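Enquirer: So the protein lines, in turn, are chains A and B. The letter at position 176 of the first sequence is residue 176 when you use the working numbering, and the numbering goes up by one with no holes. Take any residue in the second sequence, note its place counting from 1, add 254, and you have its number in the working numbering. Even for Gly, the Cβ is constructed at its ideal location relative to N, Cα and C. If you're wondering where the values come from, they're calculated on a predicted model, not measured in any experiment.
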Amino acid sequence: MNTLDIRNMTVGYGRNTVWQDFSLQMHAGEIIVLLGRNGCGKTTLLKALQGNIPLRSGSIHINGIDLASLSVRRRASLVTTMPQEIPVEAGLLGIDYLEMGYYPVRGPFGSLTAGDREKIAELADIFGTASLLAKDLSEMSAGERQMLSLMRTAVQDTPVLLLDEPASALDFNRTARLFSMLKTLAARGKCILAVLHDPTAALRVGSRVLCLGDGICLADLEPAKTPPDVLEHTLQKLYPTLRLHTDPLFCWSV
Amino acid sequence: MIGVMAVLILLTAASLAVGSYPLTGKDILHSFRELLAEERSMPTRVFWGLRFPRTLTAVLSGMTLGLCGGVYQLVFRSPLASPDLTGVASGASFGAALAIVLGLGSSVMRMGCAFLGGLAALGMVFLLVRFSGGGRTHTYILAGIVISALADAGLMVLKTLADPERQLAAIDFWTMGSLASVSSAKVLPLAVLTVPVLTLLLLFRRPVVMLSLGGDDCRAMGLSDRFWRGGLLLLATAAVSSCTAVTGVIGFVGLIAPHIARFLWRYRGGIYLILCGLIGAVLLLAADLAARSLGGGAELPVSIFTVAAGVPVLTVLLCTKREARL
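Quick look at the structure:
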């Protein structure tokens, strides 16, 4: 049973404290969506969880293991981040990028086994990205790179997944596929933490939605169990002009 | 790949044969037979005393410069990166100049000083990086620039102190690079230092390529970017430093070999780094052949030819713009 447990975490840059005493517990199968305006500290939160910025105080445990005590490689077998964008590195193919997802397991010298490659091919079929394997990263569109990046996190197969605006460059079909993939992954027992900018998407995909203000959590909603008027009222703290409708024409689901 | 190998073998053969005392294929075969003989004929002595060490040095140094150039460009994520970037060339020049000015006569002493100068520059760069608490790519580049400037200033001081008749010329000649003074006594330490490092760098090619994606991505995939970036640069720079100690400063090979490799192979995985090394060797062998045959009996500095070849190549790559994202 995968769990993520953040206790009284304080992080910041220089003299600037971004999160003070932030706590969050999540279980396997949950998709927590972080909503918040630009610069409210969402990315900082993900960075702290990945271990890219040191904690001033508090702790992060995944499956009961304290992340602070782990090497970078060991940590990456428990948690990985899908960044906002991956670099446009000419001369690397999609498959090269995906194979890097095996680094925490195989290490700097270990070559991939036939089983590893098979698993990549299988995942590519599930994600519908088989055509990207032999394509150069620099020739992919931003959306294709995003799908590839999501696939790399799936290859890495960590209990906790952090996604930073995973759908920012995706077209409609791919967005729908991304969300259905997230639900599949969650159903397989992952803890998924995603930063999104679209509140409607957040309500559809998130089992919990956190509304973040500057360094504080304004609300922790469970869309499925919360009446629409409460949802609307709460989301309006972040998005004053937002109105929730249940117009069937604009209802799509994943 | 096969083409590059063929050119390399051809140039190696030419490099063994051509010189002020030309050797034929028969002479070279004969030399191998006479390797352990007591009495050696003239061609055999020329071969083992001059040609073989010189050719081997050209191949080893070229490979080191090319391969390390490839590593630098990936690790620094910049097509402009080259082994000179971390101040090695300047540090080694300073060390060699110091040996010349202090009158440490033997060439092996000079070589040792150059190597120590290069390593000292590298050490200072690492100290500076550590002190600044950075460890990101541009911290290394900035620290390299600072240390280079420091070593260059020191070099200028030494030049003003040097005896203008002999020492100044020797310093200048050294900073232009040449394979003329290579002897078997210098090749052995070079081989001992470079071959293991090159092997290690090839073994570490996965982390090298991963570093080209940047620090955040590396850490998300479990690669400690600080550790690997520092370690790989240390290895590459130590190898380049030992080459520079033997040959003097050779410009441009480390910069253009990776670009040619990219142009030919269009791919950064697999054999890319090996190809960088082979192309580096080809470039340096060709430049050395030109340096000793075009001067009309006199030895020319090899950097004249590496730079003269490098500029048009880089210009063509820039203009075709197929892969060179400058």
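Start and end of the alpha helix (DSSP H) containing B/Cys-573?
Expert: As a working note, residue 573 of chain B is residue 319 in the second sequence. From DSSP, the alpha helix (DSSP H) with B/Cys-573 extends over 556-574.
Enquirer: Compute the Euclidean distance between the alpha carbons of B/Gly-324 and B/Val-570, then round it to the nearest angstrom.
Expert: In the second sequence, counting from the first residue as 1, residue 324 of chain B sits at position 70. In the second sequence, counting from the first residue as 1, residue 570 of chain B sits at position 316. B/Gly-324 and B/Val-570: Cα-Cα distance of roughly 19 Å.
Enquirer: Considering Cα atoms alone, identify which of B/Ile-510, B/Thr-311, B/Phe-481, B/Leu-444 is closest to B/Asp-338.
Expert: In the second sequence, residue 338 of chain B corresponds to position 84, counting from 1. Comparing Cα positions, the closest option is B/Ile-510.
Enquirer: Going along chain B in order, which residues have a C-beta closer than 7 Å to the C-beta of A/Glu-255?
Expert: Examination of residue 255 of chain A is not possible in this model, given that chain A is present from 1 through 254 alone.
Enquirer: Taking C-beta pairs closer than 8 Å, name the residues in chain A that B/Ser-478 reaches, listed in chain order.
Expert: For the purposes of this step, residue 478 of chain B is taken as the residue at position 224 of the second sequence. Chain A residues near B/Ser-478: Ser-71, Val-72, Arg-73.
Enquirer: Between the region 549-559 of chain B and the region 335-353 of chain B, do at least 3 Cβ pairs fall closer than 8 Å?
Expert: Counting Cβ pairs under 8 Å, fewer than three are found: no touch.
Enquirer: Give the secondary structure of B/Ile-504 by DSSP, where H, G and I count as helix, E and B as strand, and everything else as coil.
Expert: Here residue 504 of chain B is taken as the residue at index 250 of the second sequence, counted from 1. Three-state result, B/Ile-504: coil.
Enquirer: For A/Glu-222 and A/Leu-78, what's the separation of their Cα atoms in angstroms?
Expert: As a working mapping, residue 222 of chain A is identified with position 222 in the first sequence. As a working mapping, residue 78 of chain A is identified with position 78 in the first sequence. Rounded to whole angstroms, A/Glu-222 to A/Leu-78 spans 26 Å at the Cα level.
Enquirer: In its own chain, which residues sit with a C-beta less than 7 Å from the C-beta of B/Glu-577, not counting the 5 before and 5 after it?
Expert: Here residue 577 of chain B refers to the residue found at position 323 when the second sequence is read from its first residue. Note that B/Glu-577 scores 47 on pLDDT, short of 50, meaning its location in the model is unreliable; the coordinates nonetheless yield the value given after this. Counting only Cβ-Cβ distances below 7 Å, and skipping sequence neighbours, we find Arg-516, Phe-517, Arg-520.
Enquirer: What residue range does the alpha helix (DSSP H) around A/Met-26 cover?
Expert: By one-based count along the first sequence, residue 26 of chain A stands at place 26. Taken as a continuous stretch (DSSP letters only), A/Met-26 belongs to no alpha helix (DSSP H), being part of the beta strand (DSSP E) at 16-27.
Enquirer: Using alpha carbons as the reference points, say which of A/Gly-36, A/Asn-63, A/Ala-142 lies closest to A/Leu-170.
Expert: Position 170 of the first sequence, counted from the first residue, corresponds to residue 170 of chain A. Residue A/Ala-142 is the option with its Cα nearest to A/Leu-170.
Enquirer: Which two residues bound the contiguous beta strand (DSSP E) that contains B/Ser-295?
Expert: Numbered from 1 along the second sequence, position 41 holds the residue referred to as residue 295 of chain B. Unbroken run through B/Ser-295: none, as it is neither H nor E.
Enquirer: Who are the Cβ neighbours of A/Lys-166 in its own chain at under 7 Å, not counting the five residues just before and after it?
Expert: Numbered from 1 along the first sequence, position 166 holds the residue referred to as residue 166 of chain A. The sequence given here has Pro at residue 166 of chain A, not Lys. Cβ neighbours of A/Pro-166 beyond the five flanking positions: Met-82, Gln-146, Leu-150, Leu-178, Ala-194.
Enquirer: Could you spell out where the alpha helix (DSSP H) holding B/Arg-287 opens and where it closes?
Expert: Looking up residue 287 of chain B in the second sequence gives position 33. Element bounds for B/Arg-287: 279-287.
Enquirer: Output the distance between the C-alpha atoms of B/Tyr-394 and B/Val-329, rounded to the nearest integer angstrom.
Expert: Counting from 1 along the second sequence, the entry for residue 394 of chain B is found at position 140. Counting from 1 along the second sequence, the entry for residue 329 of chain B is found at position 75. For B/Tyr-394 and B/Val-329, the distance between alpha carbons rounds to 11 Å.
Enquirer: Just checking, does the region 366-377 of chain B make contact with the region 339-354 of chain B on the three C-beta pairs under 8 Å criterion?
Expert: Yes, the region 366-377 of chain B touches the region 339-354 of chain B.
Enquirer: For a test of the three-state rule: what should DSSP assign to A/Leu-34, helix, strand or coil?
Expert: For the purposes of this step, residue 34 of chain A is taken as residue 34 along the first sequence, with counting starting at 1. The answer is strand: DSSP assigns A/Leu-34 an E or B state.
Enquirer: What does B/Leu-457 reach in chain A if we use C-beta pairs closer than 9 Å?
Expert: Looking up residue 457 of chain B in the second sequence gives position 203. Neighbours of B/Leu-457 on chain A, chain order: Pro-108, Phe-109.
Enquirer: Mind pulling the chain B residues with CB within less than 7 Å of A/Asn-52?
Expert: If you number the first sequence from 1, residue 52 of chain A lands on position 52. Under the 7 Å cutoff, chain B gives Asp-470, Arg-473.
Enquirer: Whole angstroms are fine: how far does the CA of A/Asn-52 sit from the CA of B/Gly-476?
Expert: As a first step, residue 476 of chain B must be located in the second sequence, where it is residue number 222. As a first step, residue 52 of chain A must be located in the first sequence, where it is residue number 52. When rounded, the distance between both Cα atoms is 11 Å.
Enquirer: Starting from A/Thr-81, follow its DSSP beta bridges and name the residues at the other end.
Expert: Locating residue 81 of chain A in the first sequence gives position 81, counting from the first residue. For A/Thr-81, which the question treats as bridged, DSSP gives the partners A/Leu-162.
Enquirer: Nearest by alpha-carbon distance to A/Ser-152: which of A/Gly-36, A/Glu-89, A/Met-140, A/Tyr-103 is it?
Expert: As a first step, residue 152 of chain A must be located in the first sequence, where it is residue number 152. The residue you asked about is not Ser; residue 152 of chain A is Arg in the sequence shown. Considering only alpha carbons, the answer is A/Tyr-103.
Enquirer: Using a beta-carbon distance below 8 Å, is A/Tyr-103 in contact with chain B?
Expert: Taking the first sequence and counting its residues from 1, one reaches residue 103 of chain A at position 103. Taking Cβ atoms only, chain B reaches closer than 8 Å to A/Tyr-103, which makes this a yes.
Enquirer: So what does A/Val-11 bridge to, in DSSP terms?
Expert: Residue 11 of chain A sits at position 11 when you count from the first residue of the first sequence. Paired residue(s): A/Trp-19.
Enquirer: Kindly indicate which three-state DSSP category B/Ile-263 falls into: helix, strand or coil?
Expert: For the purposes of this step, residue 263 of chain B is taken as the residue at position 9 of the second sequence. Three-state result, B/Ile-263: helix.
Enquirer: So with CB distances below 8 Å, who are the chain A contacts of B/Arg-581?
Expert: The question about residue 581 of chain B has no answer, for chain B in this structure spans 255 to 580.
Enquirer: Smallest Cα separation from A/Ile-192: which of A/Thr-200, A/Ser-180, A/Asp-198?
Expert: Taking the first residue of the first sequence as 1, we reach residue 192 of chain A at position 192. When each option's Cα is compared against that of A/Ile-192, the closest is A/Ser-180.
Enquirer: At a Cβ threshold of 8 Å, is B/Gly-485 touching chain A?
Expert: Within the second sequence, the letter at position 231 stands for residue 485 of chain B. B/Gly-485 does not count as touching chain A.
Enquirer: Taking buried to mean at least 16 other C-beta atoms within 10 Å of its own C-beta, is A/His-245 buried or exposed?
Expert: Stepping through the first sequence from its first residue, residue 245 of chain A is reached at position 245. With fewer than 16 other Cβ atoms within 10 Å, it is exposed.
Enquirer: B/Ala-374 by DSSP, collapsed to three states: which one?
Expert: One-based indexing of the second sequence puts residue 374 of chain B at position 120. Helix.
Enquirer: Could you check which residue in A/Thr-3, A/Ala-90, A/Gly-206 has the C-alpha nearest to that of A/Arg-225?
Expert: In the first sequence, residue 225 of chain A corresponds to position 225, counting from 1. Rather than Arg, the amino acid found at residue 225 of chain A in this sequence is Lys. Answer by Cα proximity: A/Gly-206.
Enquirer: Between B/Ser-438 and B/Ile-514, what straight-line distance do the alpha-carbon atoms span, to the nearest angstrom?
Expert: Taking the second sequence and counting its residues from 1, the one referred to as residue 438 of chain B is at position 184. Taking the second sequence and counting its residues from 1, the one referred to as residue 514 of chain B is at position 260. If you take the alpha carbons of B/Ser-438 and B/Ile-514, they lie about 31 Å apart.
Enquirer: Near B/Met-296, which residues of its chain fall below 7 Å by C-beta distance, leaving aside the five closest residues on each side in sequence?
Expert: To locate residue 296 of chain B, count along the second sequence from 1; it is residue 42. No residues qualify anywhere along the chain.
Enquirer: According to the Cβ coordinates, are A/Gln-50 and B/Arg-473 closer than 8 Å?
Expert: Residue 50 of chain A sits at position 50 when you count from the first residue of the first sequence. Residue 473 of chain B sits at position 219 when you count from the first residue of the second sequence. Yes. Within cutoff.
Enquirer: Residues in the region 508-528 of chain B with C-beta within 7 Å of chain A's C-beta atoms, listed in sequence order?
Expert: Listed by position, the residues of the region 508-528 of chain B near chain A (Cβ gap below 7 Å) are Arg-516, Arg-520, Tyr-521, Arg-522, Gly-523.
Enquirer: Closest Cβ-Cβ distance between B/Pro-443 and chain A: below 8 Å?
Expert: Position 189 of the second sequence, counting from 1, holds the residue named residue 443 of chain B. False, the Cβ-Cβ gap to chain A never drops below 8 Å.
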